[in-house]
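Numbering (the working numbering), first residue to last: 3 to 183. Here is the structure we will look at.
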């Protein structure tokens, strides 16, 4: 059996092509369909890249949070500064956060009239998923279920080191990350 590695194929907003999916559970129609992946899996062992730490700020879920704030069904799906640093953060805590680009990993977003500091570890358009909440973990499981239904045999977890933030650490490859994996 041949093996094929398929890079990111979910629809994205274009700010950071491929790395800012608007819906991880769909295939960008310009690239094919889930049926195409299932068909390819008949003759190939399929590996796909999957992003588990973030999604586009233009996603349906994040847009719902921006409109409805804390009454949104998805408000716990996204990391905020206060969801990690519930007791506040020192300058040392914040400057010790490891990230792939300069500056602090937060972007101000308006959640139904309330300004929130949302984790954006890479770019302001890529909002971080809180994998430690029911909503965040549920979304990750939806992704994995869709991949399993499509007979994907291998998954490469892209940027998984950023998948679980934890106060008192540099927020990269934390003990919670290993629980996530």
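C-beta atoms are modelled at their ideal positions from N, C-alpha and C, and glycine is treated no differently. Keep in mind the model is a prediction, meaning the values are calculated, not measured.
With fewer than 16 other Cβ atoms from the protein chains shown falling within 10 Å of its own Cβ, residue 180 counts as exposed.
A check of alpha carbon separations from residue 172 across 78, 15, 91 and 43 identifies 91 as the nearest. Judged by beta-carbon spacing, residue 150 lies beyond the 8 Å limit of residue 53, meaning their Cβ atoms are not closer than that value. Taken through DSSP and simplified to helix, strand or coil, residue 95 comes out as helix. The beta-carbon separation of residue 83 and residue 119, rounded to 4 Å, stays under the 8 Å limit for a contact. Taking a contact to require three or more Cβ pairs closer than 8 Å, the stretch 70 to 79 and the stretch 109 to 127 qualify as touching. For residue 77, the three-state secondary structure derived from DSSP is helix. The residues 106, in chain order, have a CB closer than 8 Å to that of residue 96 in the same chain once the five nearest residues on each side in sequence are set aside. Looking at the DSSP output, residue 108 shares a beta bridge with 121.
A Cβ-Cβ contact shorter than 8 Å links residue 24 with residue 61.
In this model, residue 81 and residue 16 are separated by some 22 Å (Cα to Cα).
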